[in-house]
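Residue numbers (UniProt numbering): 1 to 107.
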């Protein structure tokens, strides 16, 4: 609600207060609000913090990031995020190990 009205920073303040009860839904909501308000750098920073908080981005998270970056005119960053998701799926699907990654770098 805050973000849709342009108050993305207040939404982030509420999010910070939720320390122990944050879920992927709250992360996605705040990231989406930042993107909606043109704060892509803040959204990228929060996206990077997500995994350090022992959560894995879901399809909604990836869509928020890719669409948000495209909407603010950052196609290169959107492509990098898409490529990271593609690699993650390839390794998961084919059950590849981290040692296998270097052979895919020029994919």
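In this text, a Cβ means the ideal position worked out from N, Cα and C, and glycines have one as well. No experiment lies behind these values; they were computed from the predicted model shown.
Can you name the start and end residues of the alpha helix (DSSP H) that residue i belongs to?
| i | result |
| --- | --- |
| residue 45 | 40-52 |
| residue 30 | 24-36 |
| residue 68 | 59-71 |
| residue 56 | Premise fails: residue 56 is in no alpha helix (DSSP H) and is neither H nor E. |
| residue 20 | Where residue 20 is concerned, there is no enclosing alpha helix (DSSP H), given that its DSSP letter is neither H nor E. |
Could you check how far apart the C-beta atoms of residue i and residue j are, in whole angstroms? I think they sit under 8 Å.
| i | j | result |
| --- | --- | --- |
| residue 61 | residue 31 | 7 Å |
Among the options, whose alpha-carbon lies nearest the alpha-carbon of residue i?
| i | options | result |
| --- | --- | --- |
| residue 55 | 26, 13 and 11 | 26 |
| residue 36 | 53, 85 and 69 | 69 |
| residue 67 | 8, 34 and 9 | 34 |
| residue 84 | 65, 28 and 72 | 65 |
| residue 39 | 73, 63 and 82 | 73 |
| residue 24 | 51, 14 and 5 | 51 |
Inter-stretch contact at 8 Å, needing at least 3 Cβ pairs: the segment 69-79 / the segment 45-55: The segment 69-79 makes no contact with the segment 45-55; the number of CB pairs closer than 8 Å stays below 3.
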